[in-house]
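Undergrad: Before I ask anything, let me first share the structure, which is written out below as structure tokens.
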Amino acid sequence: IMPTLVVRSSKGKGEKKTENVEFSEATTVREIKLALLKRYVRRAPVSIFAGKHNCAVLKLTFPDGTSVPLADNSLTIREMVAQESFAGAVVDFKYVGPQISYRGVFIIEYLGPLLIMLALFSRPAIVYGEGASDQPVHPLAKTAVLLWSAHFIKRELETLFVHKFSRETMPLSNLFKNSAHYWSAALYIGWPLCSPSFEAPAFIVDHYQWLPYFLIPAFAAGQFVNFAAHLYFAQTRKADGDQHRPMPSGPLFAFVSCPNYTAEVFVWVVFSVYTGLWQSWLFAFVGCVRK
């Protein structure tokens, strides 16, 4: 006998459609999602860098009105119906639209500002005019571009080898919202920083010529604290998809609850002092508010 699930799906303007759908006992939650997407969604589901099953969300709703999400995609119907509380439960299906993997968003989000800054550093004629690439680059600007690049290369490496994400995907629209902050910053900071007319901040030139020798190690120290916090958080999860995270503890959390955010804001404050650009201060301020 094929097990039958009572499935309830949204059908526009709050209308719900409930019907019995047959599956084999070995069918997994992932396979149920794919089957229901094909059954209820006319357009082909879009999921970038991740399985199309992520375009659907399922939850079990019990007769008393309580519900639990079906988050384990490897759970089979045999295991589901074996649970004592399953009797009378309804499987609620929801289409959540186009998705993209968390890791994919982070890679794109951080790759943009790296490539944009390096492109501006080459001083293309379309931006700075003919002959701009032949003019000397201020040593401070060179170092600032190096610091900027090091930061985003670090973020890319953390995305690939350190971070563990509690969820596999996010809405595709988030890619554009997340990327806008960093990509636009690379443009409005990179344009004056890489310009042939860039000059070192007057207060450094006139009074504090030693300051860059302090700011560069400070920038590196902030990056190290940021990395240490990311590594700590990664070690508190077994793998991607693990949504359990214990209360953080240790010296990094003695004074602030999110040392990774604190360290990143510190890094951009240091960068802003180093470059003297109001555009960099704007980026640091917006980043602080966003955190």
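Convert by adding 1 to the 1-based position in the sequence shown; the result is the number in our numbering. Beta carbons: idealized from backbone N, C-alpha and C, even for Gly. Since the model is a prediction, treat every value here as computed from it, not as a measurement.
1) Report the rounded CA-to-CA distance for V1 versus Y209, giving the unit in angstroms.
2) Take the Cβ of T67 as the centre, count every other Cβ of all protein chains shown within 10 Å, and call the residue buried at 16 or more, exposed below.
3) With the cut-off set at 8 Å, would you say F234 and E159 are in Cβ contact?
4) If you drop the 5 nearest sequence neighbours on each side, which residues of the same chain put their C-beta closer than 8 Å to that of F50?
5) Considering only the alpha carbon of each residue, which of F225, T276 and H231 lies closest to L161?
6) Buried or exposed: Y214, going by 16 or more other Cβ atoms within 10 Å of its Cβ?
7) So the candidates are W192, L176, F284 and D73; which of them puts its Cα closest to the Cα of D243?
8) By how many angstroms is the C-alpha of M81 removed from the C-alpha of S10?
9) So is L141 buried or exposed if we call it buried at 16+ other beta carbons inside 10 Å?
10) How about F63 and V8: do their beta carbons lie closer than 8 Å?
11) Using the Cβ count rule (16 or more neighbours within 10 Å means buried), how would you classify F272?
12) In terms of alpha-carbon separation, which member of V91, V206, F284 and S134 lies closest to K18?
13) Would you call the segment 193-213 and the segment 121-138 in contact, with 3 or more CB pairs under 8 Å?
14) Can you tell me the Cβ-Cβ gap for A27 and T77, rounded? I've got them flagged as a contact below 8 Å.
15) Is the segment 255-262 touching the segment 181-189 in the sense that three or more CB pairs, one from each, lie closer than 8 Å?
16) Using the Cβ count rule (16 or more neighbours within 10 Å means buried), how would you classify S174?
17) If you follow the beta strand (DSSP E) that R9 is part of, which residue opens it and which one closes it?
18) Measuring alpha carbon to alpha carbon, tell me which residue in N21, P172, P202 and I205 is nearest P99.
19) My output table needs one value for Y96: the three-state DSSP class, helix, strand or coil.
20) Report yes if the C-beta distance between K155 and Q224 is below 8 Å; otherwise report no.
21) CB L6 to CB K34, shorter than 8 Å?
22) Would DSSP call P213 helix, strand or coil?
23) By the three-class DSSP mapping on this structure, what secondary structure does K18 have?
24) Please classify W149: is it buried, with 16 or more other beta-carbons within 10 angstroms of its beta-carbon, or exposed?
25) Over what stretch of residues does the alpha helix (DSSP H) that includes A36 continue unbroken?
26) Roughly how many angstroms lie between the CA atoms of Y133 and A120, to the nearest whole one?
27) Less than 8 Å separating the beta-carbons of I109 and S180?
28) Considering only the alpha carbon of each residue, which of A219, F177, R238 and S250 lies closest to V270?
29) Confirm, please, whether the CB-CB distance from G288 to E265 is below 8 Å.
TA: A quick look at the data gives this:
1) Since the first residue of the chain shown is 2 and the last is 292, residue 1 is not available in this structure.
2) exposed
3) no
4) Around F50: I101, S102, R104 and G105.
5) Cα-wise, what sits closest to L161 is H231.
6) Counting Cβ neighbours within 10 Å, Y214 comes out exposed, since fewer than 16 surround it.
7) D73
8) 19 Å
9) Buried, because 16 or more other Cβ atoms sit within 10 Å of the Cβ of L141.
10) no
11) By the neighbour-count definition (other C-beta atoms within 10 Å, threshold 16), F272 is a buried residue.
12) V91
13) yes
14) 6 Å
15) no
16) exposed
17) T5 to S11
18) P172
19) Three-state result, Y96: strand.
20) yes
21) no
22) helix
23) strand
24) buried
25) V30 to Y41
26) With the sequence shown as reference, residue 133 is identified as Ala, and Tyr is not the correct amino acid for it. Each residue's Cα considered, the two are about 13 Å apart.
27) yes
28) A219
29) yes
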